[in-house]
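Worksheet: one structure, shown below.
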Amino acid sequence: MSAPYAKLPAWADYGLIPLINVTVAFIVAGLVVLLIGENPFRAAVILVDGALGRGQAIAYTLYYATSFIFTGLAVAVAFHCSLFNIGGEGQAYVGGLGVGLVCLAFDSVLPWWLTFPLAIIGAAAFGAAWAFIPAYLQARRGSHIVITTIMFNFIAASLMVYLLVNVLKPAASQAPQTRTFLEGGRLPKLNFLLDAVGLSVRSSPFNLSFLLALLAAFLVWVLIWRTRLGYEIRMRGHSPKAARYAGVSETRIIIITMLISGALAGMMALNPVMGDQNRLQIDFVTGAGFVGIAVALMGRSHPAGIVPASILFGILYQGGAELAFEMPGISRDMIVIIQGLVILFAGALENLFRPSLQALFAGIRPAPVGIEAKQGERV
Amino acid sequence: MGNAAIELIGIDKSFGSGHANRNISLKIPAGTIHGIIGENGAGKSTLMSILYGFYQADRGRVCVRGEKAKIETPSDAIALGIGMVHQHFMLVHNFTVLENIILGVEGHSLLGSSISKARSELQRLERDYGLEVDPDAVVEDLPVGLQQRVEILKALYRGAEILILDEPTGVLTPAEADHLFRILRQLKEEGKTIVLITHKLREIMAVTDNVSVMRQGALVATLKTGETTVEELAELMVGRRVLLRVEKGPSAPGEVLLSVTNLSVKDSRGVTMVDDISFDLRAGEIVGIAGVAGNGQSELLETITGIRKAVSGTVTLDGRPIDLTGAADPSELRARGLAHVPEDRHHMGLVLPFDESENSILGYHRQPKYAKGLFLDMDAIRDDAVEKIGKYDIRPPDPRLRTANFSGGNQQKIVLAREMEQDPKVLIVGQPTRGVDVGAIEFIHKRLIEMRDRGKAVLLVSVELDEIRSLSDRILVMCGGRIVGERDATATEGELGLLMAGVDEKEAAE
Amino acid sequence: MDFFSTLVFLLDSTIRVSVPLLLAALAGLYSERSGVFDIGLEGKMLGGAFAAGAAAAVTGSPWIGLSAAVAIAVFLSLVHGFASITHRGNQIVSGVAINFIAAGSTIILGQAWFSQGGRTPLLGGDARFGAIQLPFAGSLSDVPIIGELYSDLLSGHSLIVYIAFLLVPFTWWVLFRTRFGLRLRAVGENPAAVDTAGISVAWLRYRALICTGILTGLAGTYLALSQNAGFVKDMTAGRGYIALAALIFAKWRPVPVMFACLLFGFLDAFAIRIQGTALPLLGQLPVQFMQALPYILTVILLAGFIGRAEPPRAGGIPYVKER
């Protein structure tokens, strides 16, 4: 039989277990804080205050969350097809090239609201293109997509450095980055949204792409659970043989899924490149592609889980920066540990507490769900 | 009875909510061949896995040669002289025969000397029991019959006095099976105790001294084979008189709906699995394909239904050819009236984590009635599922329940409902009652006859000879990828069995 | 002889660059041959490098540094085992997690303990594994070609370099000539066969992961105590992934692993050497291209254009007794 364990009620499966797993991840992170001689509770207070205490901080938190929503959705869409896309980092990086080229070409001739849709297309197309080769190799030649996407992260890094240093850098400049975009290549900020609810924001990178991220989350939900394509993606994800039987071409579905995944990862670049820095520079992704893995695992690959998980990681990023001021022992790299712990407990160890929880539930309710399962089924 | 080689006392075992073994007590006399018979899912394999230390019993104890034994791992069992030949061979595919045999009993932490010792010991065993195998052959290159021989040698090498064989003939031709039985008798002569697990009555009658019958986890009887009959055992197995014949009128075959000509298929390794097969399937008839599992039936089904590519040949569906070279699109074939109940329900016919309603459109999800443009019409899908649930008495009647939580029989009904309710012209059915409870078997058989009577063409593949004989109007026998004979429904089991063995196969096995 | 000296120099740096790759790839070989995929080589190497740097800085002993590195890397390996063997978690996810945990905690702990921005203090010669002169290296260096090869290429490396290369035949011997190796290969192909033979699948895989831990610890030690004089943050810089690529490139076989690592090491050394100079025929190659070449080659291999890389059959699949 497929599942090694009996079924839990849905709210426990989708709510309680992830909650317990994430809590344990944070407890272990607290122990690390304790290990370096700081008070984890004080650290938590500073962190939350630093992320949510002021309008300014909230704006930064949401800015970070925007990137994570995109990369989290990218990982999640691939997960539904049973593909592990570790290449979000590289796809986002190359997606930035799409954004950059569109902005450099049109920022002097078009207003931002015309450049924006072109930049979305550029980001999605470049991100998707970078996912295409691993997808094709997986689909047609059986090359393990985990390995190829890792390799493509490194290849993307080399490629982008080469392009920025040798091609895109203005001749007069020393820094490996493009020129700064003009008004036509800059997204409007959303600070006024926070101002409207009475929070004051002086300046922040919080920009329009946040709304695009929310829209993308909704569209991913529609895609996965309400369209034929999503049905086919999930079908292939659960059972490649059933997909073949149902007439779903494995090659086609793997490639389409990875193109969508790569496009979502690529669109992450809109947020920093067009929304904040207004130029394409080296290493602008800063690990957001990997955070997407943690976010997708924590959000159980569902947009309704990914958005809050992204905001949580936004809080960690923003609060972590504040924390570094208050507690010199703790730098922002603390977030990397938490990220790793979340991936460990919400991902690799997701079944750690399931058996005991099931025993608990079986004790509470003598007739658990799904008891009629498997009669006459065992060989 | 003489000394008991094995005595099981009050063995009880549950998996989650399923009760696999209920308070089983059983004595197996030394130096005999003891059969354990029961339907799929009766708990035979679980019981033997407990004896072999693969599972732990919840209650009860085991005595070996009169002494209470503590068997917690397979190595405990091996130490007590118990060996097991598993249904799915436990061999490392890219190891040599010798490496497979010494695995776990290497004798020394360095392989050098132990390998040469093992080689001479193996040669002695091969001589003593007539079990010749090349010790340096790589296992994956050996035919199945020889791989099984390696499994037996593995057990003997470990000094097994008690040998358990779990469904050993599932992959063998009747001739190979007969050869195996000769080996088993010889092992008995040498004083070994053999436990043979099977669901085939023929084997029990052919080779065992005693037989125990299991039904739904319980041991219902232990009898001397010489003092019982096939009918009695069959009744004990299912708990009531078996419906050996399904009620059906004479068939009225009409036009040819499916025509297969000179079809050949190779598997991924390039081995020819279907070899130049031709036959016609007419409206209003059931054609059964009999054969030992693994003789190309699965490949034939998958090729006709567009899942697998053909090497050569043509297949026409209702007069129009099916594109076999690029692997036809199964959904296009569905649209043309070809329905398919696949052999592998769990991985192919259903997506177990899906809701029931999601599975009830699998493969038909592009049809306009289930979709609005690119989107799925959730209401239409649910209404459709509810209707099928009623019509096919699928329990529990909940279209939102995960499919994994339905019983085997109800899962199969989900597949049948989906495929039959599309009103196809041709219905291809593989192993329709495998792992299905008795009540559902009757229901499924009736439905298949109904389809025939409504003028559909039905192609039935089953390894259950009884099923083939009671449902089919014509029977084709497959062996080694070829159709080796055609008989009508009056053919006897013995006649079909000979065909299934194939003349060449028989000579090879002698 | 100028060309020859350049070549010797290039090969010498190839060896130095290859050693951490070789140790990490051999480490991965034990794990993956046992059926446990390990993309956490990077993290374990990094954790090991930090532990080596920290312990050597505190105690002044490279041996204590080495022990600490091995202990930490084995610990991380066991975490991987706990998740993927005991709890049957996703091996890829677990490996990713370990990489992040190692990347973050080495910096945080380094900063907290040494306050040098994530570095460990610079080590003196006694706290490191320094170069070893092979016998007669000095006196033979004047002999043309052979002497030069001996004294400049073979001699003058740290102990770990020699260990790394000795580990290649040793690993081959373990894999193909010992009981442990036989079982290790079996469990990576068909764990059920091992289980029914009365051998514990979990314990066997844990032992394989311990070997992986020891070797990644050694690799980390080399980075921190041999190639450098202390730990620097993110000092593995993707070597764990190149090692993984080399392992795949070598189709999980010990001797080809060595050649794959030497090839990738050579590309690296060559890229540094030719930086800014034009090559005949090829012209000036961008350094980024040379850096990306190991990854590109691995992708081409994975695509099946230069032979098929078939991983151990049970790799990546948690073992569940059949029901």
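Residue numbers (the working numbering), protein chains in the order written: chain B, 746 to 1124; chain G, 6 to 515; chain U, 96 to 418. Just so you know, even glycine gets a beta-carbon here, dropped at the ideal spot from N, CA and C.
In the pairwise beta carbon analysis, the region 811 to 829 of chain B is classified as touching the region 998 to 1015 of chain B: at least three pairs are separated by under 8 Å. In the DSSP assignment, Ile-199(G) falls within the beta strand (DSSP E) that extends over 198 to 203.
Rounded to the nearest whole angstrom, the CA to CA distance from Gly-311(G) to Ala-178(U) is 41 Å.
The shortest CA-to-CA distance from Val-1052(B) to any of Ala-941(B), Phe-955(B), Ile-890(B) and Asp-758(B) is the one to Phe-955(B). Legend: CB atoms of the region 331 to 352 of chain U lying less than 7 Å from CB atoms of chain G are not found in any residue.
Fewer than three pairs of CB atoms, one per stretch, sit closer than 8 Å, so the region 252 to 261 of chain G makes no contact with the region 56 to 70 of chain G. In the three-state DSSP reduction, Thr-331(U) falls in the coil class, being neither helix nor strand. Straight through space, the alpha carbons of Asp-852(B) and Ile-159(U) are spaced by roughly 59 Å. Apart from sequence neighbours up to five positions away, the residues of its chain that approach Val-149(G) with a beta-carbon distance below 6 Å are Val-176, ordered along the chain. Residue pairing from DSSP places Ser-217(G) in a beta bridge opposite Ile-41(G) and Thr-227(G).
For the set Pro-1073(B), Trp-756(B), Ala-962(B) and Ile-1038(B), the Cα lying nearest the Cα of Gln-206(U) is the one of Pro-1073(B).
Here the region 325 to 344 of chain U lies against the region 114 to 126 of chain U, with 3 or more beta-carbon pairs under 8 Å apart.
Taking 8 Å as the cut-off, the Cβ atoms of Val-289(U) and Leu-124(U) do not count as close. Within the region 66 to 82 of chain G, contact with chain U at the beta-carbon level (separation under 9 Å) is assigned to Thr-78, Pro-79, Ser-80, Asp-81 and Ala-82.
Residues of chain G with a Cβ closer than 9 Å to the Cβ of Tyr-838(B) do not exist, since the nearest Cβ in that chain sits about 31 Å away. In this structure, the straight-line span from the alpha carbon of Tyr-336(U) to that of Met-140(U) is close to 11 Å. Using a 10 angstroms sphere on the CB of Glu-491(G), the tally of other CB atoms stays under 16, which defines it as exposed. Ranked by Cα distance from Ile-107(G), the first of Ala-82(G), Lys-75(G), Ala-142(G) and Arg-163(G) is Arg-163(G).
Assigned with DSSP and collapsed to three states, Ser-477(G) falls in coil, not helix or strand. Residues of chain B with a Cβ closer than 9 Å to the Cβ of Tyr-390(U) are, in chain order, Ile-895, Met-896, Phe-897, Asn-898, Phe-899, Ile-900 and Ser-903. Considering only Val-482(G), Val-235(G) and Leu-151(G), the residue with the shortest C-alpha distance to Thr-174(G) is Leu-151(G). Sixteen is the threshold: when 16 or more other Cβ atoms of the shown chains lie within 10 Å of the Cβ of Gly-843(B), as they do, the residue is buried.
Relative to His-352(G), the option among Val-420(G), Ile-76(G) and Thr-497(G) whose CA is nearest is Val-420(G). With 16 or more other Cβ atoms from the protein chains shown falling within 10 Å of its own Cβ, Leu-1086(B) counts as buried.
Within the region 277 to 288 of chain U, Leu-277, Arg-278, Arg-280, Ala-281, Glu-284, Asn-285, Ala-287 and Ala-288 place their CB atoms closer than 8 Å to a CB of chain G, listed in sequence order. For Arg-64(G), the uninterrupted beta strand (DSSP E) run begins and ends at 64 to 69, by DSSP. In this structure Thr-894(B) touches Gly-832(B) by the C-beta definition: roughly 3 Å separates them, less than 8 Å. Listed in chain order, the alpha helix (DSSP H) runs fully inside the region 249 to 275 of chain U are 254 to 272, counting runs of at least 4 residues.
Across the region 91 to 109 of chain G, CB contacts with chain U closer than 9 Å involve His-91, His-93, Phe-94, Met-95, Leu-96, Val-97, His-98, Asn-99, Phe-100, Glu-104, Asn-105, Ile-107, Leu-108 and Gly-109, in sequence order along the chain. Counting only the Cα atoms, Ile-473(G) lies some 12 Å from Leu-453(G). The C-alpha of Asp-388(G) is placed about 47 Å away from the C-alpha of Leu-504(G).
Between Phe-861(B) and Gly-795(B), the alpha-carbon positions lie close to 31 Å from each other.
For Leu-263(G), the uninterrupted beta strand (DSSP E) run begins and ends at 261 to 271, by DSSP.
Close to His-889(B), with beta-carbon spacing below 8 Å, are these residues of chain U in chain order: Leu-397 and Pro-406. For Leu-842(B), the secondary structure class from DSSP, reduced to helix, strand or coil, is helix. By the 16-neighbour rule on beta-carbons within 10 angstroms, Glu-104(G) is buried.
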